[in-house]
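Quick notes on the structure that follows.
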Ligand SMILES: [Zn+2]
């Protein structure tokens, strides 16, 4: 006992405080160096877990909003919760792409089948057929499905990373989290605009072409898609958009194929007006011009339009209105709405410059036509 | 009915307006958005010339701006 005490005292007597601090520091650095990834994993886990909770609140709210809309506005008889839950987990299985020839037709077939199913199910659920209410319900259910999917996928990687203690899985997910939350937030905000039937930023193309169609004769040219034949400075215009004010995007690809195919029209130009995602730093409502098929989505419509234009050798012109993902799917901002006049001027100029009197021109307003009739 | 949606920066609320345009004299009237409004829908008679107007635009403005 006394020998031990004496030994320790001797040891301490030989060390001054600054040496002790140095030892503690070295120990601290050694620990952080050795357990750095472990510590970062914990931090990532807690941050992802917070984001995951946020996502869960969001998806639950979207689901509840959809159910409330079905009951209050759609007058769905009984409680639609169970059907809605089945709906949220419904999957569309994409075709195999090992032999990619002809895959667009297959994707189109599956997407069309899915869209028809959604509409039929919503129609049956609502026991009414006001097309605006049905289309809004479809969109609300799609938003709820997307949020449900996002939540599920993030949860999968979170649990997988936790279970396997995989530092890189967790850190990657942690880095993606702010972007995922931002996108989910945009989707949730879209619910408010959809419920009220307000035009969204994506509806700028339809708003511009609706000015050529208002008060004129319309015909259905493809599913949910209408066309007006009108005239501008001696050119014959084939103006098309999805059938508003329902929340439709229509089938502009099928429509353009029909115009240059079945109808035998030989246009000198196809002009497409669409919303485009802006880069950070770009101004909302900025207008860009270009060539090519201006249309988003899974790619089927784009393929059909490019294919039709190439077949008859017609130039494709694009007029784009820049906006963020949030602005595109929520109520139209003033900056975007005010671009409508400028886009109309650009459209007129493109028609005047690229075609001559007596020509045929196809003008397509691409985007969701919620709150935009014709 | 006035509707407000959280703005992009979360702090400012958005107010939604409907713009009625007279196709004859070009008079534009700004009013609050009402459920059921949509672009090209026939709206109230023009206050200037009495012709029926159409809804030309529906858009949201941040509450911080004038309006
Ligand atoms: Zn007037």
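Residue numbers (my numbering), protein chains in the order written: chain Y, 1 to 374; chain U, 1 to 67. Just so you know, even glycine gets a beta-carbon here, dropped at the ideal spot from N, CA and C. If you're wondering where the values come from, they're calculated on a predicted model, not measured in any experiment.
Counted within 10 angstroms of its Cβ, other Cβ atoms place residue i as buried (16 or more) or exposed
i, result
"residue 198(Y)", "buried"
"residue 82(U)", "With chain U covering 1 to 67 only, the question about residue 82(U) has no answer from this structure."
"residue 46(U)", "buried"
"residue 135(Y)", "buried"
"residue 228(Y)", "buried"
"residue 127(Y)", "exposed"
"residue 357(Y)", "exposed"
"residue 98(Y)", "exposed"
"residue 151(Y)", "buried"
"residue 243(Y)", "buried"
"residue 178(Y)", "exposed"
"residue 33(U)", "buried"
"residue 69(Y)", "buried"
"residue 158(Y)", "buried"
"residue 73(Y)", "buried"
"residue 80(Y)", "buried"
"residue 41(Y)", "buried"
"residue 2(U)", "For residue 2(U), the predicted model reports a pLDDT of 41, less than 50, meaning its position is unreliable; a value from the coordinates is still stated below. Counting Cβ neighbours within 10 Å, residue 2(U) comes out exposed, since fewer than 16 surround it."
"residue 349(Y)", "exposed"
"residue 363(Y)", "buried"
"residue 148(Y)", "buried"
"residue 58(Y)", "buried"
"residue 117(Y)", "exposed"
"residue 336(Y)", "buried"
"residue 33(Y)", "exposed"
"residue 100(Y)", "exposed"
"residue 26(Y)", "exposed"
"residue 23(Y)", "exposed"
"residue 44(Y)", "buried"
"residue 96(Y)", "exposed"
"residue 19(Y)", "exposed"
Residue i: CB within 6 Å of a non-hydrogen atom of ligand 1
i, result
"residue 218(Y)", "no"
"residue 48(U)", "yes"
"residue 128(Y)", "no"
"residue 27(U)", "yes"
"residue 104(Y)", "no"
"residue 24(U)", "yes"
"residue 51(U)", "yes"
9 Å Cβ cut-off: residues of chain U touching residue i
i, result
"residue 182(Y)", "Here the premise fails: no neighbours, minimum Cβ distance about 10 Å."
"residue 227(Y)", "Neighbours of residue 227(Y) on chain U: none; closest Cβ ~15 Å, over 9 Å."
"residue 340(Y)", "56 and 57"
Chain-ordered chain U contacts of residue i [CB-CB under 7 Å]
i, result
"residue 333(Y)", "59 and 60"
"residue 198(Y)", "16, 33 and 58"
"residue 299(Y)", "Here the premise fails: no neighbours, minimum Cβ distance about 28 Å."
"residue 309(Y)", "Those do not exist, as residue 309(Y) stays about 28 Å from chain U at its closest Cβ, beyond 7 Å."
"residue 365(Y)", "The premise fails here: residue 365(Y) is roughly 11 Å from chain U at the closest Cβ pair, so nothing lies under 7 Å."
"residue 62(Y)", "The contacting residues do not exist; residue 62(Y) stays about 15 Å from chain U at best."
"residue 245(Y)", "38"
"residue 337(Y)", "57 and 59"
"residue 214(Y)", "40 and 54"
Distance between beta carbons of residue j and residue i, contact taken as under 8 Å
i, j, result
"residue 144(Y)", "residue 63(Y)", "5 Å"
"residue 222(Y)", "residue 258(Y)", "7 Å"
"residue 89(Y)", "residue 195(Y)", "With 8 Å as the limit, residue 89(Y) and residue 195(Y) do not qualify as a contact, their Cβ atoms being about 23 Å apart."
"residue 252(Y)", "residue 369(Y)", "Not really, about 11 Å apart at Cβ, beyond 8 Å."
"residue 189(Y)", "residue 284(Y)", "With a Cβ gap of about 15 Å, residue 189(Y) and residue 284(Y) do not count as contacting."
"residue 261(Y)", "residue 293(Y)", "So it is not a contact: roughly 16 Å between Cβ atoms."
"residue 300(Y)", "residue 107(Y)", "6 Å"
"residue 291(Y)", "residue 316(Y)", "6 Å"
"residue 256(Y)", "residue 274(Y)", "No, residue 256(Y) and residue 274(Y) are not in contact; Cβ-Cβ is about 13 Å, not under 8 Å."
"residue 47(Y)", "residue 174(Y)", "5 Å"
"residue 214(Y)", "residue 40(U)", "5 Å"
Within chain U, the residues that residue i reaches when beta carbons sit closer than 8 Å
i, result
"residue 135(Y)", "Those do not exist, as residue 135(Y) stays about 12 Å from chain U at its closest Cβ, beyond 8 Å."
"residue 275(Y)", "In chain order: nothing, as chain U lies at least about 14 Å away."
7 Å Cβ cut-off: residues of chain Y touching residue i
i, result
"residue 39(U)", "199, 207, 210, 371, 372 and 373"
Residue i CB to nearest heavy atom of ligand 3 below 6 Å
i, result
"residue 36(Y)", "Ligands present in the displayed structure are limited to ligand 1, and ligand 3 is not among them."
Practice item. Go through the segment 292-348 of chain Y residue by residue and report every complete run of the beta strand (DSSP E) that reaches 3 residues or more, in order. Key: 316-323
Check your understanding: Where are the alpha helix (DSSP H) runs, 4 residues long or more, that stay fully inside the segment 62-113 of chain Y, in chain order?
Key -> 81-88
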